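Shown next, in C-alpha cells, is the structure this report addresses.
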Amino acid sequence: MSDPALPEDTLVTASVLQRIKIVMVETSLAANLGAAARAMKTMGLAQLVAVSPREPLDNESAIARASGAQELLLNAVCCDSLDEALQGCSLVIGTSARSRNLPWPMLSPVELPPIVQGVPEPGEIAILFGRERSGLTNEELARCHYHLHIPSNPDYSSLNIAAAVQVVAYELRRQLVGGDLDNEPHPSVPLATAEDLEGYFDHLQRVLVDIGFADPNNLRQLMLKLRRFYMRAQPEPVELNILRGIISQTEKSLIRARSGQDRAPDRSQDSH
Ligand code: SAH
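For the sequence shown, position 15 matches number 16 in the working numbering, and the numbering has no gaps at all.
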C-alpha cells in the first residue's frame, strides 16, 4: 500500500510505516478508536489493533469519528490479550502521560522515528496506548522497551487518546517519509520478539522461586526491575537463547541435586 505521490527513495522509508501497529488497550469509547483510525490514515499508518475494546468498533459514533478511515477501523484486529497483540513485535513502545515510581527508559516523539527505522525487516513495531481513564498499568509498561511521553503542560498532561495517536503518527511520518532522517538505516540485528521475551520472563520467574532467590508472594517489584534491565539491554534472539540455556541448566542441576545425583553437567552438546 504505497503512496503513489511519494518519490521512490522515500517509499523505502515509508515501508517501515506499514510495520507499525497502533495497539489500543481496553479503550472504553469506540469513538476514540474511530478518531484514532482517522489520525492514523492521515499519516499513512494502517495497522490498528484493539485489545478487549469495551464497545463494538462498528458502532455509529466510531464510524462517524473515523470519517474517511472507516475501512481502517473495520479492518482493525481485535484480540483478547496483549500477548496476542504483540506477537511478532521486536520493538514495543508504551505511551503514557504519567511518570512511574520505577521509571522506564524515556523517549519523546521526536526521538522515536530513528529507533523505529533501526528495526530490521520483518520485525514489527508496536506502539501501545492505554485506557482513557487509567492509562497503561505498570505491568503493561514493563512489556515495553521505552516509555514515550508527549511533552505537555505538567499541570494537565493527559491528551485525548486519539490526539496522542495523532502526535506520534505525525512525528513518524514527518521523519520517516519527509526525508528528515538519513535514508541509510543504521545496520542493526533483529531483536528478540515480545513472545520470546515473555517466555524467558516466565521461565526466569519460575526458576528464581525454585532456587529460593525470590519469594513467590512478593515477586512484583523484583520482576519489574529485572524486566527493565533486560528491556534496556534489548537482547537479540541468540543472546536470549543463551540466557534461557543458563536457566534451563540451573533447573536441571537443581533437579539432579534434589534427587541426590549431583554431578558436573555434560558440556559435550554445548554449542555456545
Ligand atoms: N489518566 C490516564 C491518562 C490516560 S489518557 C493516565 O494517568 O495515564 C489515554 C492514553 O493517551 C494514555 O494511556 C496514553 O496512551 C495517551 N496519552 C495521553 N497523554 C499522553 C502524553 N502526554 N504522553 C504520552 N501519551 C499520552
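Glycine included, every Cβ here is placed at the ideal spot set by N, Cα and C.
No experiment lies behind these values; they were computed from the predicted model shown.
| query | result |
| --- | --- |
| Label residue 33 either buried or exposed according to how many other C-beta atoms from any shown protein chain fall within 10 Å of its C-beta, with 16 as the threshold for buried. | buried |
| State yes or no: is the C-beta of residue 173 within less than 8 angstroms of the C-beta of residue 21? | yes |
| If I measure Cβ to Cβ from residue 5 and keep anything under 7 angstroms in the same chain, skipping five residues before and after, which residues do I get? | Low confidence applies to residue 5: its pLDDT is 49, below 50, so where it sits in the model is not reliable, and the reading given next is rough at best. Around residue 5: no qualifying Cβ. |
| Skipping 5 residues on each side, what residues in its chain have a beta carbon closer than 6 angstroms to that of residue 35? | 63, 66, 67, 74 |
| Are there any heavy atoms of the ligand SAH lying less than 7 angstroms away from the beta-carbon of residue 38, as far as the coordinates show? | no |
| Can you list, in chain order, the residues of its chain whose CB lies under 7 angstroms from that of residue 225, leaving out five sequence neighbours each side? | 103, 139, 143 |
| By how many angstroms is the C-alpha of residue 133 removed from the C-alpha of residue 78? | 19 angstroms |
| For residue 169 versus residue 149, is the C-beta distance shorter than 8 angstroms? | yes |
| Taking a cut-off of 5 angstroms, which residues have a beta-carbon closer than that to any heavy atom of the ligand SAH, in chain order? | 96, 98, 99, 130, 131, 136, 150, 151, 153, 158, 159, 160, 162, 165 |
| Examine the Cβ distances between the segment 34-52 and the segment 155-168 and report whether three or more of them are shorter than 8 angstroms. | yes |
| In chain order, what residues of the same chain lie with their CB nearer than 7 angstroms to the CB of residue 30, ignoring the 5 residues before and after it? | 56, 133 |
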